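Peer 1: This is the structure, below, for whatever I ask next.
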Amino acid sequence: MKAIAEGWIDVLPVGWDLVPAKAAFAERREPNRPDDVHLTPSQIYGVLPQAEYMARTGNSVVQNIQGQDNMKHVEPDDFIIHLRSFQGGIERSEYSGKVSTAYTVLKPSNRVVPRYFRWLLKSHGYIQELRTTTNQLRDGQSIKFADFAKVQLPCPPHSEQRAIADYLDRETARIDTLIEEQQRLIEMLRERRGAAISNAVARGLEEAVALKDSGLPGAGPVPVHWEVLPLRYTISFQEGPGIMAADFRDEGVPLLRVSCVRTARSTLEGCNYLDPAEVDRRWSHFRVDLGDLLISASASMGTVSEVTEETAGAVPYTGIIRIKPGRMHKDFIRWFVVSGEFIDQVDSLKTGSTIQHFGPTHLAQMRVALPPTDEQRQIAAHLDEQTARIDTLIVETERFIELARERRSALITAAVTGQIDVQETS
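In the numbering used here, the protein residues as written are 937 to 1362.
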């Protein structure tokens, strides 16, 4: 190894060069050709034809209709600096086509093996160095060729560039496969968690129990000793009021937003404030009490948040529903409102509506199969224990994925800077 101490590179293997970026790449300024397809660069998928990008992601891309003949031509193995390169690096194109003039197109010189530079220009070390080339880099701001040219690039002999590319193609594929397996495990665990909740809420814990028809749309039989009742007979519910931004104040009575009910215990994170006198006059009946339960009317958060001492007395904003226990025990409510039984009924009642959230009107039409109070407590305690185990496994798996991604990133930076002898590891 030889000492370098130049920017992001400390040492390089003997036989490697450290070259100015403009010695490895030139800026391609060629205007688009009539038959060029529109290309879209992205951090995840690289450079794709726009139609393929939209098909993969389901996202539409803003069409630059007026400027279709004022774009930049791209050749295969060119690299594209796009508007998020300061986050995800510079993308290699495998296609001929055209891109917006907001992007910088890099034409590789004879020094460059594109498969190696594909890894180098997306490595963590390089991205961090690229970010230092401009003082006010932000999302949506392009990196100019002059900025790109400020960063020195390691340049191994061609044979080593190819060997490193082969090594990283192989090793990152192994890590990516492992990550995909762990992601599927998380999906399976979440499905198991949801099934455990729905089965316990809908059928109870006893396997050998006499059943009866529930009469609930789409639901199966329920234990014979459970009562089938309108939901409004078992709990009370109230949606927060719609309040104009003009009524917000810098201090006063907290107005709870969705950000306040993302966890099991409500907080004041992201809340607004209301004038106390105005609350007393107009919204006092909406103020929440200690122990009330709050849910988002979107039915997508999967969280029931309990009112704490910090949030007691606050007013929930529209879109947040306050629930008070009645015949349904508070611990059972927590699981019922995240169960498939509840969500399926909500979805059924919303059918044909363009509004995606639900409210008291929907809840008033719902029915529930209600166990006796002691059994409600048993079901809730069982689900507390079962889901805690699954949640622990999910957290451990997510941490494993995080570490695998960190290893992948470190491996790429080490390989492209010569810290790993890929010949020995092959």
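We put the beta carbon where it would ideally sit given N, CA and C, even for glycine. Everything numeric in this text was worked out from a predicted model, so none of it was measured.
Would you kindly work out how many angstroms separate the C-alpha atoms of residue 1031 and residue 1016, rounded to a whole number?
Peer 2: When rounded, the distance between both Cα atoms is 12 Å.
Peer 1: Using beta-carbon positions only, say whether residue 1051 and residue 1105 come within less than 9 Å of one another.
Peer 2: Result yes, Cβ atoms of residue 1051 and residue 1105 sit closer than 9 Å.
Peer 1: Give me the DSSP bridge partner(s) of residue 1088.
Peer 2: According to DSSP, residue 1088 bridges with 956.
Peer 1: Per the DSSP calculation, residue 1017 is bridged to which residue(s)?
Peer 2: 1040, per the DSSP bridge assignment.
Peer 1: Hey, out of 1099, 1257, 1170 and 945, whose CA is closest to residue 1061's CA?
Peer 2: Ranking 1099, 1257, 1170 and 945 by Cα distance to residue 1061 puts 945 first.
Peer 1: Could you tell me the distance, in whole angstroms, from the CA atom of residue 1125 to the CA atom of residue 1326?
Peer 2: Residue 1125 and residue 1326: Cα-Cα distance of roughly 6 Å.
Peer 1: Which residues share a DSSP beta bridge with residue 982?
Peer 2: Answer by DSSP bridge pairing, in chain order: 978.
Peer 1: Report the residue from 1174, 942, 979 and 1090 whose alpha carbon sits nearest the alpha carbon of residue 1225.
Peer 2: Of the listed residues, the one whose Cα sits closest to residue 1225 is 1174.
Peer 1: Please state whether DSSP places residue 1127 in a helix, a strand or coil.
Peer 2: In this structure, residue 1127 counts as helix in the three-state DSSP scheme.
Peer 1: Excluding the 5 residues flanking residue 941 on each side, which residues of the same chain have their C-beta closer than 6 Å to its C-beta?
Peer 2: Hits under 6 Å: none found.
Peer 1: Consult DSSP for residue 968 and reduce its assignment to one of helix, strand or coil.
Peer 2: Correct three-state label for residue 968: coil.
Peer 1: Our contact map puts residue 1231 next to residue 1273 with C-beta atoms below 8 Å; I'd like the distance itself, whole angstroms only.
Peer 2: That belief holds up - the Cβ atoms of residue 1231 and residue 1273 are roughly 6 Å apart, short of 8 Å.
Peer 1: Using the C-alpha atoms, what's the distance from residue 1331 back to residue 1344?
Peer 2: Straight-line Cα distance between these residues: approximately 20 Å.
Peer 1: By the 10 Å Cβ neighbour count, where 16 or more other Cβ atoms means buried, how is residue 980 classified, buried or exposed?
Peer 2: Counting Cβ neighbours within 10 Å, residue 980 comes out exposed, since fewer than 16 surround it.
Peer 1: Tell me, which residues are paired with residue 1209 by DSSP?
Peer 2: Answer is 1185 and 1190, bridged to residue 1209.
Peer 1: Near residue 957, what residues of its chain come up, given a Cβ to Cβ distance below 8 Å and the 5 sequence neighbours on each side ignored?
Peer 2: Within the same chain, residue 957 has close Cβ partners 1084, 1085, 1086, 1087, 1088 and 1089.
Peer 1: Specify the secondary structure class of residue 1294 as computed by DSSP and reduced to three states.
Peer 2: Coil, per DSSP.
Peer 1: Do you know how far the Cα of residue 1198 is from the Cα of residue 1304?
Peer 2: Distance between the alpha carbons of residue 1304 and residue 1198: 25 Å.
Peer 1: Nearest to residue 1142 by alpha carbon, out of 1158, 1149, 1154 and 1130?
Peer 2: Per the Cα distances, 1158.
Peer 1: How about residue 1169 and residue 1262: are their beta carbons less than 9 Å apart?
Peer 2: For residue 1169 and residue 1262, yes; Cβs fall inside 9 Å.
Peer 1: Can you tell me which of the three DSSP states residue 1001 falls into?
Peer 2: For residue 1001, the predicted structure reports a pLDDT of 48, less than 50, and the residue's modelled location is therefore unreliable. The matter cannot be settled from this model.
Peer 1: I need the straight-line Cα distance from residue 1297 to residue 1243, nearest angstrom please.
Peer 2: Distance between the alpha carbons of residue 1297 and residue 1243 is about 23 Å.
Peer 1: Check residue 946 in the structure and name its three-state DSSP category.
Peer 2: Three-state DSSP puts residue 946 in a strand.
Peer 1: How many Å lie between residue 1357 and residue 1057 at the Cα?
Peer 2: The alpha-carbon atoms of residue 1357 and residue 1057 are separated by roughly 19 Å.
Peer 1: Between which two residues does the beta strand (DSSP E) containing residue 1350 stretch?
Peer 2: Per DSSP, residue 1350 belongs to no beta strand (DSSP E); it is in the alpha helix (DSSP H), 1309–1352.
Peer 1: The alpha helix (DSSP H) that contains residue 1278, what's its start and end?
Peer 2: Unbroken alpha helix (DSSP H) run through residue 1278: 1276–1286.
Peer 1: Mark residue 1054 as exposed unless 16 or more other C-beta atoms lie within 10 angstroms of its C-beta, in which case mark it buried.
Peer 2: Its Cβ being crowded by 16 or more others within 10 Å, residue 1054 is buried.
Peer 1: Can residue 952 and residue 1044 be called in contact, C-beta distance under 9 Å?
Peer 2: The answer is no: Cβ separation not under 9 Å.
Peer 1: Under 9 Å between the Cβ atoms of residue 1222 and residue 1295?
Peer 2: Not a contact, by the Cβ cut-off of 9 Å.
Peer 1: May I ask you to list the residues that DSSP assigns as paired with residue 1232?
Peer 2: Answer is 1256.
Peer 1: From the DSSP secondary-structure annotation, give me the bridge partner or partners of residue 1174.
Peer 2: DSSP, once it has assigned bridges, lists 1258 as partnering residue 1174.
Peer 1: Take residue 1111 as the anchor and find which of 1338, 1359 and 1308 has the nearest alpha-carbon.
Peer 2: Ranking 1338, 1359 and 1308 by Cα distance to residue 1111 puts 1338 first.
Peer 1: Going by the CB atoms, is the gap between residue 1009 and residue 977 shorter than 9 Å?
Peer 2: Against a cut-off of 9 Å, the Cβ pair of residue 1009 and residue 977 comes out as no contact.
Peer 1: Answer yes if the stretch 1117–1131 comes into contact with the stretch 980–995, meaning at least three C-beta pairs across the two stretches below 8 Å, and no otherwise.
Peer 2: At 8 Å Cβ cutoff, the stretches do not touch.
Peer 1: Roughly how many angstroms separate the alpha carbons of residue 982 and residue 1130, rounded to a whole number?
Peer 2: Cα to Cα, the separation comes out at about 35 Å.
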